[in-house]
Amino acid sequence: MKRLAQKSMLALSLFFIAAISNSLKAQKEKQKKDYYLIKVYHCKSTDQVNMVNDYLEKAYLPALHQHGFEKIGVFTKYDNDTATDKRVYVFIPNTVVQKLLLLDDELLKDGNLQKNGTTYLQATYNAPPYQRIETIVLRAFKDHPMFALPQLTGPLTERIYELRSYEGSNETFYHQKVKMFNEGGEINIFKSLNFNAVFYAEVLSGCHMPDLMYMTTFNNISDRNAHWKAFGDSPAWKTLSALPEYQHTVSTANIYLLHPTSFSDF
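One rule links them: number in the numbering used here = place in the sequence shown (from 1) + 251.
Written out as structure tokens, the structure reads:
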């Protein structure tokens, strides 16, 4: 009887250990968040844009894929042809921020990248492929912890990816705006209106801080305008935006309308 009781106690202990282990694993999975790296190539000419895109398509994206990075977004500005500051945006997601921070070090050792990107990488000082590169590191919001691929039906050439940046006048106002997206329910309003958001995230490092950024997507420019009109007319948004705790939370709003390139992963 004593030996049977000991076996029962051992089995019960193993059961509880397994249950606790599974619970901790589930909690860890639940808390998992994406991190994002956004690289912005600032160019002054179409030739520079073409050189950057050629490098990204033939060398950079293949290298990223080879190193285990998936679903890389590459975009150009909606008005790139007429803009004086022509831009190319690269969006790189990963669940491990260290992989993003050490990415350039890894790619420098990639022989195929060096070979396939020779024209770009060996450009002369007086014929550079860009004016500068801006790098932004972000952490996903808790209520949208993983990025999502947009469910669009329109032709790729007509699709609009809208990247928004909301700066705060200080950290307190900034955190209130982050709260407005999460606890306040702003993300849920976007979901209810089918904005096809790719990500919502806090900027951990960048040129403009404190700052948050998010990306929504649309089939075309008319679809985009109709969605934003519906958002502005939404009773839920009118109620939320009128709350005193969320007043003056954005000091500067920057809106960038983008097109996906033909070689973008989404």
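Heads up, the beta-carbon is just placed ideally off N, CA and C, and yes, glycines get one too.
Residue environment analysis places residue 347 among the exposed positions, since fewer than 16 neighbouring C-beta atoms fall within 10 angstroms of its C-beta. 469 is the residue among 319, 316, 349 and 469 whose C-alpha sits nearest the C-alpha of residue 414. In the structure shown, the three-state DSSP call for residue 474 is helix. With a cutoff of 8 Å on beta-carbon distance, residue 341 and residue 392 are scored as not near each other.
Looking at the DSSP output, residue 505 sits in a beta bridge with 416.
By a beta-carbon distance limit of 8 Å, residue 344 contacts residue 285. Their separation comes to about 5 Å. If the five residues before and after residue 295 are omitted, its C-beta is found closer than 8 Å to the C-beta atoms of 335, 336, 337 and 382, all from its own chain and listed in chain order.
By alpha-carbon distance to residue 405, the top candidate from 490, 288, 324 and 472 is 472. Secondary structure of residue 305 (DSSP, three-state): helix.
The beta carbon of residue 397 sits closer than 6 Å to the beta carbons of 285 from its chain, once the five residues preceding and following it are set aside; these are given in chain order.
In this structure the region 458 to 466 touches the region 417 to 433; the number of beta carbon pairs closer than 8 Å is three or more. In the DSSP assignment, residue 347 falls outside any alpha helix (DSSP H) and carries neither an H nor an E. Take residue 407, set aside five residues on each side of it, and the residues of its chain with a beta-carbon closer than 8 Å to its own are 511 and 513, in chain order. In this structure the region 363 to 376 lies against the region 304 to 319, because at least three pairs of beta carbons, one per stretch, are closer than 8 Å. The DSSP-derived three-state label of residue 434 is coil.
DSSP, reduced to helix, strand and coil, places residue 355 within a helical segment of the structure shown. Burial is judged here by how many other beta carbons sit within 10 angstroms of a residue's own beta carbon; residue 467 has at least 16 and is buried. Taking the C-beta atoms as reference points, residue 395 is found nearer than 8 Å to residue 438.
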